[in-house]
Structures are given as C-alpha cells and as structure tokens.
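S.K.: I have a structure I would like to understand better, so I am pasting it below and will then ask my questions one at a time.
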Ligand SMILES: NC(=O)c1ccc[n+]([C@@H]2O[C@H](COP(=O)([O-])OP(=O)(O)OC[C@H]3O[C@@H](n4cnc5c(N)ncnc54)[C@H](O)[C@@H]3O)[C@@H](O)[C@H]2O)c1
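Numbering (the working numbering), first residue to last: 1 to 362.
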C-alpha cells in the first residue's frame, strides 16, 4: 500500500462534480490538488464550497496534464470530449477515471478500449448506480440464492418534480440537447446508461434490444425522450425492460435530480424490488424481497444517491492500492454503451437490433 495520497485533478467542475468530490475530500488516501474548468469562476466557487484553500485552478486540460503533482484525473466533461480527454491523459501518463458514457460511438469506444488495454496505468469508466447501497443489497441477496436464478429485470425511470431537488444549470442541459455532444437523448442514452449498466450488472450481456422512444417537453422547455419503452433479451430465455415515464405533476423527495428509479427482478424462486435511486417515493423500503411465501423489507440501508458516488470512488481508490481491476473496465463499459446505442438505433430503424453482431472488435 502506498503511503502518500493519490493527487487528484477534477476536470469539469459542473453539476456532478460535487458528488465526486465527497470521497476524495474524506478519504485520507486521496487529495484534490487541482480543479479544471473552462469557467475559472465556477472552479473557484467549488474550491470554496469544498474547503480547498490552496488547490490549483486551471482552465485548460493540457495545463493540468502537464502538472507533475497530479496523479489521477477525474474527467467530468460533456460526452463528445471524453475520448480526446482520455487519450491525452494516457499520453501524459495519468491514472484515469472517466465518467460514463465512455464516449459517443462504438468506433470511439473501440479506440479507447484498445488504448486503455495497451496502457500501463489504470483506467476506470465511472459508473455509480451499481454501487448504490440498495443495489449492492439486492446483488448480495441474489448471490445468496434468495430468488433463485434471475429471469427478468424491469427498470423504471420516472422523472417528476421536486421542491427539494438541486438546481441544474442551464448549461448542463444545453449540451445534452445536442446529439453531437451528448451522443443520444437525456433519458434513454445519458441517464439510461445507468439503467443499462444495472441490467448488465444483474443479467449479463444482452443479445437483442428493441425500443420505442418518445418525445415530450420536460422542465424549462427541454426535450425529454419519453415516454419510452426498451426491451431486451438475454441468453437463456431471460428478458428485461426499461420504461421511462415523465410525470410532470408528481412530487417526490430528492436532494438531487427530480427522478425516481425502481427495479424489479424476478427469479425462478422469488422477487426483489429496489425502490429509489435519484429520489424516493415517500418512505418506501429501499429493498423488498418476496421469497418462501413472505415479504421481507430491508430498511437499514443508506438511500442517499450520493452514496453511490462515494462507494464507486472508494472502490477505485482501493483498487489502485491493491492493483485490482476497476469497475467498470473500458471493455465492460463498451458493453454497456453498445446496449444504450442499440436502443437508440432500434427506435430509429423501427426494428429489433441484434447486439451479438457488435461484439468487441478492439
Ligand atoms: N453518474 C451519474 O449519475 C451522472 C450524473 C450527471 C452527470 N454525469 C456525467 O458527468 C459528466 C458531466 O456532467 P455534468 O452534468 O456535470 O455536466 P456540466 O455541464 O454541469 O459540467 C461539465 C463542465 O465541463 C466544463 N467544460 C466543458 N468543456 C470544457 C473544456 N473543454 N475544458 C474544461 N472544462 C470544460 C463546463 O464548463 C462544465 O462546468 C457527463 O459525462 C455526464 O454524463 C453522470
């Protein structure tokens, strides 16, 4: 175990950076030494909010990468900038944590997988939902055999309204409305990435995907790709779906995005429900199990969505110290991206997309 802390630079101090900072600020094995944003006032404001008096403020990625006092870059940029930023960071010899989606096309993903697998330092694609404590609990119950073999996963993304939600800057919505910057719609491709990651996490690689993707006006006049229905098939006659419904008049409790997320996993011998994600519907139990003819509620589980970021970051810090593989590896992240892009393609062509023909060619 190395004794000196990993020196971290956060690249892109936008909306989500607050949740990435939490574990780096609290874990003695890490230290934030630089913040980079093309908007230096924003970076300075974050430095103040996070209590970082002597952190370096940079406006240019190249300047951060040239700094010898930076070991790890946490890349939190709009999606179309991900590949180039990761390539540059590899050239500079930095450890990388790159927010999902790893990039915006399979061609880009193949380049990134190839480069990362030839690189002699760790590269993590940051995915947090699979570290959300209720998801960890459900995974543990399944590993114990609580519902037998999982046969189906149903995932619901339910954006709504919330008086307690955090503010989302207009700039963070603006690039998401442009397909050439975001790579796909805000709910199916962007947030959907987490849901495809969950489906992959519990069920493995899908063989086929079919999608209906709707279009409706979201808050502040943005376009939401809802109502949408995406179904998938996994090998071994197992299935799943992601349903996205915008409920503009439904109030829910959250400190983050105004969205509820719910998952139901049905196995050969029982059912597990995961209630909540970004937000929660009142005080529903975070995990519920039906097995052996009875319902068991698991309530003693942290439900703050920020916990998924804390645990994902902690996992990486630990992995760096032990030399184990990060979750997600670039190769794993490509599988999730393939799933998300397959949904977009299916809706576009009006047909089922066979994902078996898009195996990793890197
Ligand atoms: N894991 C999750 O649940 C989750 C949630 C939200 C966002 N994200 C991901 O985090 C990333 C950032 O999203 P966000 O919502 O924070 O967006 P954002 O727009 O709020 O932040 C992006 C920041 O990057 C800065 N920036 C843009 N181009 C730059 C450049 N060339 N050099 C330096 N800075 C630049 C912008 O000024 C902005 O502050 C995306 O990959 C997104 O998908 C993940």
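The beta-carbon is built from N, C-alpha and C at its ideal position, and this holds for glycine as well.
Out of 266, 241, 276, point me to the one whose CA is closest to residue 258's CA.
M.R.: Counting from one through the chain shown, the residue named residue 258 turns up at place 258. Closest by alpha carbon: 276.
S.K.: Leaving out five residues before and five after residue 230 in sequence, what residues of the same chain have Cβ atoms less than 6 angstroms from its Cβ?
M.R.: For the purposes of this step, residue 230 is identified with residue 230 of the chain shown, where counting begins at 1. Within the same chain, residue 230 has close Cβ partners 211, 242, 343.
S.K.: Got a sec? Which residues, its chain only, sit under 7 angstroms from residue 134 by beta carbon, not counting five neighbours each side?
M.R.: Locating residue 134 in the chain shown gives position 134, counting from the first residue. 274, 276, 286, 287, 301, 303.
S.K.: Quick one: complete beta strand (DSSP E) runs, 3+ long, within the segment 181-228?
M.R.: Qualifying beta strand (DSSP E) stretches, in chain order: 208-212.
S.K.: Measure the alpha-carbon distance for residue 218 versus residue 322 and round it to whole angstroms.
M.R.: Mapped onto the chain shown, residue 218 falls at position 218. Mapped onto the chain shown, residue 322 falls at position 322. Between residue 218 and residue 322, the C-alpha separation is close to 44 angstroms.
S.K.: Here's the rule: buried if 16 or more other CB atoms are within 10 angstroms of the residue's CB, otherwise exposed. What is residue 1?
M.R.: Within the chain shown, residue 1 is the residue found at index 1, counting from 1. Low per-residue confidence applies at residue 1: pLDDT is 47, beneath 50, and the placement is therefore not dependable, though the value from the model is reported in the following sentence. By the 10 Å Cβ count, residue 1 comes out exposed.
S.K.: Helix, strand or coil for residue 58, going by three-state DSSP, please let me know.
M.R.: Looking up residue 58 in the chain shown gives position 58. DSSP places residue 58 in strand when its eight states are reduced to three.
S.K.: Assuming residue 130 and residue 201 form a contact by the criterion Cβ under 8 angstroms, report the distance between their Cβ atoms to the nearest whole angstrom.
M.R.: Numbered from its first residue, the chain shown carries residue 130 at position 130. Numbered from its first residue, the chain shown carries residue 201 at position 201. Contact holds; Cβ gap of about 5 angstroms.
S.K.: Can you give the Cα-Cα distance for residue 45 and residue 55, rounded to whole angstroms?
M.R.: Looking up residue 45 in the chain shown gives position 45. Looking up residue 55 in the chain shown gives position 55. Rounded to whole angstroms, residue 45 to residue 55 spans 12 angstroms at the Cα level.
S.K.: Using only CA atoms, which one of 69, 33, 153, 126 lies nearest to residue 138?
M.R.: The residue labelled residue 138 in the question sits at position 138 within the chain shown. For the residues 69, 33, 153, 126, the minimum Cα distance to residue 138 belongs to 153.
S.K.: Does the beta-carbon of residue 128 have 16 or more other beta-carbons within 10 angstroms, so that it is buried, or is it exposed?
M.R.: On the chain shown, position 128 is the one that residue 128 refers to. Result: buried.
S.K.: State yes or no: is the C-beta of residue 186 within less than 7 angstroms of the C-beta of residue 176?
M.R.: Here the question's residue 186 lines up with position 186 in the chain shown. Here the question's residue 176 lines up with position 176 in the chain shown. Result yes, Cβ atoms of residue 186 and residue 176 sit closer than 7 angstroms.
S.K.: Which residue or residues does DSSP assign as beta-bridge partners of residue 36?
M.R.: Working through the chain shown from its first residue, we reach residue 36 at position 36. According to DSSP, residue 36 bridges with 11, 58.
S.K.: Say the cut is 6 angstroms; is the CB of residue 225 nearer than that to a heavy atom of ligand 1?
M.R.: Numbered from its first residue, the chain shown carries residue 225 at position 225. False, no ligand heavy atom lies under 6 angstroms from that Cβ.
S.K.: If you reduce the DSSP assignment to three classes, tell me which class residue 1 lands in.
M.R.: Sequence index remark: in the chain shown, residue 1 carries index 1 (1-based). In this prediction, residue 1 scores a pLDDT of 47, lower than 50, which makes its location untrustworthy; the coordinate-derived value is nonetheless stated afterwards. Here residue 1 sits in coil by DSSP.
S.K.: Are the segment 291-298 and the segment 314-328 in contact at 8 angstroms, needing three or more beta carbon pairs?
M.R.: No, the segment 291-298 is not in contact with the segment 314-328.
S.K.: Measuring CB to CB, does residue 206 end up less than 7 angstroms from residue 61?
M.R.: Walking along the chain shown from the start, residue 206 turns up at place 206. Walking along the chain shown from the start, residue 61 turns up at place 61. For residue 206 and residue 61, no; Cβs fall outside 7 angstroms.
S.K.: Could you tell me which residues DSSP pairs with residue 233 in its beta bridges?
M.R.: Looking up residue 233 in the chain shown gives position 233. Note: residue 233 sits in a beta bridge opposite 208, 239.
S.K.: So, at 8 angstroms on beta carbons, what are the nonlocal neighbours of residue 338 in its own chain, with the 5 sequence-adjacent residues on each side left out?
M.R.: Along the chain shown, read from residue 1 onward, the residue named residue 338 stands at position 338. Contacts found: 106, 109, 355, 358.
S.K.: When you compare only the Cα positions, how much space is there between residue 269 and residue 136?
M.R.: Working through the chain shown from its first residue, we reach residue 269 at position 269. Working through the chain shown from its first residue, we reach residue 136 at position 136. So the two alpha carbons sit approximately 20 angstroms from each other.
S.K.: Return the chain-ordered ranges of every beta strand (DSSP E) run that is complete within the segment 287-336 and spans a minimum of 3 residues.
M.R.: Whole beta strand (DSSP E) segments, 3+ residues: 287-291, 294-298.
S.K.: Sort out for me which residues DSSP pairs residue 261 with in a bridge.
M.R.: Indexing the chain shown from 1 puts residue 261 at position 261. Per DSSP, 157.
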